[in-house]
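Visitor:
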Ligand SMILES: NC(=O)c1ccc[n+]([C@@H]2O[C@H](COP(=O)([O-])OP(=O)(O)OC[C@H]3O[C@@H](n4cnc5c(N)ncnc54)[C@H](OP(=O)(O)O)[C@@H]3O)[C@@H](O)[C@H]2O)c1
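In this note's numbering, the protein residues as written are 130 to 465.
(1) When you compare the stretch 257-275 with the stretch 417-424, are there three or more beta-carbon pairs, one atom per stretch, that lie closer than 8 Å?
(2) If we count Cβ pairs, one from each stretch, closer than 8 Å, do we get three or more for the stretch 181-192 versus the stretch 232-249?
(3) Apart from the five residues on each side of it in sequence, which residues of its chain come closer than 7 Å, Cβ to Cβ, to residue 460?
(4) If the criterion is Cβ atoms closer than 8 Å, does the pair residue 254 and residue 159 meet it?
(5) Buried or exposed, going by whether 16 or more other CB atoms sit within 10 Å of the CB of residue 361?
(6) Ends of the alpha helix (DSSP H) at residue 439?
(7) From the DSSP secondary-structure annotation, give me the bridge partner or partners of residue 253.
(8) For residue 322 and residue 341, what's the separation of their Cα atoms in angstroms?
(9) Could you tell me whether any non-hydrogen atom of ligand 1 is closer than 7 Å to the CB of residue 298?
(10) Straight-line CA distance for residue 150 to residue 131?
(11) Check whether the Cβ of residue 171 lies closer than 7 Å to any heavy atom of ligand 1, and answer yes or no.
(12) Residue 464: which of 375, 224 and 263 sits nearest, CA to CA?
(13) For a test of the three-state rule: what should DSSP assign to residue 398, helix, strand or coil?
(14) So, at 6 Å on beta carbons, what are the nonlocal neighbours of residue 260 in its own chain, with the 5 sequence-adjacent residues on each side left out?
(15) According to DSSP, is residue 340 helix, strand or coil?
(16) Report yes or no: do three or more beta-carbon pairs, one from the stretch 351-360 and one from the stretch 237-253, lie closer than 8 Å?
(17) Hey, would you say the C-beta of residue 454 is under 7 Å away from at least one heavy atom of ligand 1?
(18) Is residue 452 helix, strand or coil when you go by DSSP?
(19) Buried or exposed for residue 453, going by 16 or more other Cβ atoms inside 10 Å?
(20) Can residue 243 and residue 462 be called in contact, C-beta distance under 8 Å?
(21) Given this structure, state the Cα-to-Cα distance separating residue 148 from residue 162, to the nearest angstrom.
(22) Is it the case that the CB of residue 412 approaches a heavy atom of ligand 1 more closely than 7 Å?
(23) Go through the stretch 233-287 residue by residue and report every complete run of the beta strand (DSSP E) that reaches 3 residues or more, in order.
(24) Grab the span of the beta strand (DSSP E) containing residue 302 for me, first residue to last.
(25) Under 7 Å Cβ to Cβ from residue 154, same chain only, skipping five residues before and after it: list those, please.
(26) Closer than 6 Å by C-beta to residue 310: which residues in its own chain qualify, once you throw out the five before and the five after it? Chain order, please.
(27) Can you tell me the Cα-Cα spacing of residue 370 and residue 293, whole angstroms?
(28) Contact defined as beta carbons within less than 8 Å: I believe residue 98 pairs with residue 363. What is the distance between those atoms, to the nearest angstrom?
(29) Within a Cβ cutoff of 6 Å, which residues of the same chain sit near residue 105, ignoring the five residues on either side of it in sequence?
(30) Measure the CB-CB distance between residue 367 and residue 324 and report whether it falls below 8 Å.
(31) Determine the closest residue to residue 384 out of 178, 280, 213 and 139, with distance taken between C-alpha atoms.
(32) Tell me whether residue 237, by its Cβ, gets closer than 7 Å to a heavy atom of ligand 1.
(33) Which residues does DSSP list as the beta-bridge partners of residue 466?
(34) Expressed to the nearest angstrom, what Euclidean distance is found between the alpha-carbon atoms of residue 399 and residue 374?
(35) Count the other CB atoms, across all protein chains shown, that sit within 10 Å of the CB of residue 133; report buried if there are 16 or more and exposed otherwise.
(36) I need the boundaries of the beta strand (DSSP E) containing residue 383, first residue and last residue.
What follows is the structure, encoded as structure tokens:
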């Protein structure tokens with residue numbers, strides 16, 4: 130089988146394809162024929178050697194992928210040959226709170242999905258909804274679950290409340306879609322005005338192009354009466370405006386602390402002094418949250434937004450396209 134590996138870190142040229150034998154599953158393992166994978170911002174950080182969790186040298190990259198079970202070990206009870214599955218981001222985090230014993234991640238410290246076949250412990254996988262194509266099914270593990278956790282992990286926003294999403298990457302668009310499912314109103318900001326119509330078409334009630342309106346926080350507060358929940362994916366570039374946009378008792382789920390130049394989020398004291406906003410953090414989510422999200426996805430036959438699909442042999446081009454930042458939704462790599 131062909132499998133991509135990262136034997137060094139520092140850039141796209143380190144991504145190498147290898148021919149490897151296909152192993153037989155151990156007692157608790159499932160062998161998955163991977164049909165599609167997708168990229169997240171963390172995958173470019175792992176590639177570039179800037180991810181906070183140190184990746185294993187020689188790792189198979191990517192947390193996100195969908196495929197079918199083609200062989201199972203003797204003690205496997207959760208799956209059978211033919212099941213459609215995806216991996217869980219923190220493979221060992223089943224439920225409850227995150228703790229240091231469950232930090233292993235697919236595509237970082239555990240071999241991930243950018244391979245023709247992936248070997249997973251049966252506990253690391255979940256079943257996929259039937260209405261999704263392989264390309265669609267390969268997009269939920271990281272960005273989808275992060276958006277779901279931001280909306281449902283603590284106090285759940287009520288129908289009619291305002292949710293703010295930043296940009297048009299994977300997390301932001303899933304957050305927009307899930308917030309609409311929950312009956313919320315959605316404000317969206319984008320650095321590229323030409324994406325405004327596509328954000329509206331997905332259900333955004335208010336869209337602001339940040340290049341044209343750099344002080345968008347006050348505009349949004351006036352237009353909405355104050356944002357109830359910000360899914361903060363912009364980090365230092367957007368945090369102060371997100372705080373200004375927020376309602377008195379709003380909440381900000383801060384998903385990005387540093388930008389790619391190492392600049393950190395700063396709390397503007399003069400704004401925060403007049404605010405009762407709660408700033409929360411989260412790391413993607415557990416397997417049980419992934420299962421809950423996929424149940425909602427199945428019920429509502431929700432489809433992810435896909436920006437572009439690349440063939441397996443062009444994984445490096447997929448990384449290049451994703452890294453330049455002008456995307457709308459998920460960048461997918463088709464299985465071979
Ligand atoms: N804490 C967690 O658990 C967690 C989990 C997942 C992701 N995250 C973080 O959340 C953020 C979003 O993740 P994602 O996977 O959705 O990212 P993404 O797909 O890379 O999001 C890209 C979007 O961000 C906007 N953007 C503006 N300037 C950019 C630039 N210079 N480079 C790249 N994008 C730029 C663009 O939207 P516009 O063109 O519309 O402005 C672009 O479409 C990342 O910082 C990621 O590290 C955190």
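We treat Cβ as the ideally placed atom computed from N, Cα and C, and that holds for glycine.
Guide: This is what the structure holds:
(1) yes
(2) yes
(3) 167, 168, 436, 437, 447, 450 and 451
(4) yes
(5) buried
(6) No alpha helix (DSSP H) contains residue 439, which is instead part of the beta strand (DSSP E) from 435-439.
(7) In the DSSP output, where bridge partners are listed per residue, residue 253 has none listed.
(8) 8 Å
(9) yes
(10) 9 Å
(11) yes
(12) 263
(13) helix
(14) 430
(15) coil
(16) no
(17) yes
(18) helix
(19) exposed
(20) yes
(21) 15 Å
(22) yes
(23) 246-250 and 254-256
(24) Here residue 302 belongs to no beta strand (DSSP E); instead the alpha helix (DSSP H) covers 299-310.
(25) 160, 200, 201, 202 and 248
(26) 429
(27) 11 Å
(28) What the structure shows of the chain is the stretch from 130 to 465, and residue 98 is not part of that stretch, so it cannot be assessed.
(29) No statement about residue 105 is possible, as the shown extent of the chain runs from 130 to 465 and does not include it.
(30) no
(31) 280
(32) no
(33) For residue 466 there is no data in the structure shown, the boundaries of the chain being 130 and 465.
(34) 14 Å
(35) buried
(36) 375-383
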